[in-house]
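In this text, residue positions in the sequence shown follow the working numbering: the first is 4, and each later residue adds one.
Reading through the structure tokens given below for one structure.
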Amino acid sequence: MGNSAVLCIPLAFWVEGSIVVGVMKIARNTVAAIHYTLTNSKGNVLDSSEGSQPLEYLHGAQNIISGLERALEGLGTGDAKKVTVAPADGYGEHDPRLVVAVPRSRFPEEEEILPGMKFHAQVADELRVMTVTSVAENEVFLDGNHELAGEELRFEVEVASVREATAEELSHGHPHREHVCCGGHGHGHCGGHHDHHGK
Ligand SMILES: [Zn+2]
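If you want it as structure tokens, here you go:
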């Protein structure tokens, strides 16, 4: 699976050796950059920022899963922490009601539907991203659970930097840097998801 499935890694321009002024701690309305490695309960590495830019997020704006956000509160640059996040504070429990079969005729006829493609669909009064799991002759099977639903997530994090958010970042609810991806501009293209507005 691609990195984007777990945590969006902004393709931000990162200045090596940025000077950190003061001892700012992660708190509401700060922008923190973190390096992280995510493993599941079996110890398999699911995602990591190793070898790339740290993940930058606006604290308190739900840019990242709540269990991780809470655990990062109060940390400063250079602080490291191991965080275990239960499914309820991560990507939720696996919900069998979100596994559905949809007639093939509901999809654009001219387009080939393949496993892994993502569509928006209205399920139980909620617009959800549904992933195609398999395709039969007349039906398409979709799963609206996050692929990490039901998983206990184990993060090893290290804070790379903390800074105050700008007024513009606060009004948008996400960090701004050149080519910022996560929750930022260019909605729906984070990690190149193949999103369609289906019915
Ligand atoms: Zn913005």
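Don't be surprised by glycine CBs; every beta carbon is placed ideally from N, CA and C.
>> If I follow the unbroken alpha helix (DSSP H) through Ser2, where does it start and stop?
In response: No statement about residue 2 is possible, as the shown extent of the chain runs from 4 to 202 and does not include it.
> If you count every other CB in all the chains shown that lies within 10 Å of the CB of Ser108, and 16 or more means buried, which is it?
Replying inline: Counting from one through the sequence shown, the residue named residue 108 turns up at place 105. By the 10 Å Cβ count, Ser108 comes out exposed.
>> Beta-carbon within less than 6 Å of His38's beta-carbon, same chain only, minus the 5 sequence neighbours each way: which residues are those?
In response: Residue numbering aside, residue 38 sits at position 35 when the sequence shown is read from its first letter. Same-chain partners within the cutoff: Ser52, Pro57, Glu161 and Ala163.
>> Below 8 Å on the Cβ atoms is my contact criterion, and I expect Pro90 with Glu154 to pass it. Report the Cβ-Cβ distance as a whole number of Å.
In response: For the purposes of this step, residue 90 is taken as residue 87 along the sequence shown, with counting starting at 1. For the purposes of this step, residue 154 is taken as residue 151 along the sequence shown, with counting starting at 1. About 6 Å separates the two Cβ atoms, so the contact holds.
> Cβ of Pro178 within 8 Å of Cβ of Glu76?
Replying inline: Taking the first residue of the sequence shown as 1, we reach residue 178 at position 175. Taking the first residue of the sequence shown as 1, we reach residue 76 at position 73. No, these two residues do not count as a Cβ contact at 8 Å.
> For ligand 1, any of its heavy atoms closer than 7 Å to the Cβ of His175?
Replying inline: Here the question's residue 175 lines up with position 172 in the sequence shown. Correct: His175 has its Cβ closer than 7 Å to ligand 1.
> Is His3 near ligand 1, with its Cβ less than 7 Å from a heavy atom?
Replying inline: The displayed coordinates of the chain run from 4 to 202. Any statement about residue 3 would go beyond what the structure contains.
> In three-state terms, what does DSSP make of Arg166?
Replying inline: Numbered from its first residue, the sequence shown carries residue 166 at position 163. In this structure, Arg166 counts as strand in the three-state DSSP scheme.
> Should Asn148 be labelled buried (16 or more other beta-carbon atoms within 10 Å of its own) or exposed?
Replying inline: Numbered from its first residue, the sequence shown carries residue 148 at position 145. Asn148 comes out buried.
> Do you know how far the Cα of Thr80 is from the Cα of His27?
Replying inline: As a working note, residue 27 is residue 24 in the sequence shown. As a working note, residue 80 is residue 77 in the sequence shown. Reading the sequence as shown, one finds Met at residue 27 and not His. Answer to the nearest angstrom: the Cα atoms are 8 Å apart.
>> Using C-beta distances below 6 Å, list every residue in its chain close to Thr87, excluding the 5 sequence neighbours before and after it, in chain order.
In response: Position 84 of the sequence shown, counted from the start, is the residue given in the question as residue 87. Answer for Thr87: Arg157, listed in chain order.
> With 16 as the cutoff for other CB atoms within 10 Å, does Ala127 come out buried or exposed?
Replying inline: The residue you call residue 127 lines up with position 124 of the sequence shown. Counting Cβ neighbours within 10 Å, Ala127 comes out exposed, since fewer than 16 surround it.
> In whole angstroms, what is the alpha-carbon distance linking Arg31 and Glu129?
Replying inline: One-based indexing of the sequence shown puts residue 31 at position 28. One-based indexing of the sequence shown puts residue 129 at position 126. Distance between the alpha carbons of Arg31 and Glu129 is about 28 Å.
> So Thr136 and Pro111 are in contact, right, with Cβ under 8 Å, and what is the actual spacing, rounded?
Replying inline: For the purposes of this step, residue 136 is taken as residue 133 along the sequence shown, with counting starting at 1. For the purposes of this step, residue 111 is taken as residue 108 along the sequence shown, with counting starting at 1. Contact doesn't hold; Cβ gap of about 19 Å is too wide.
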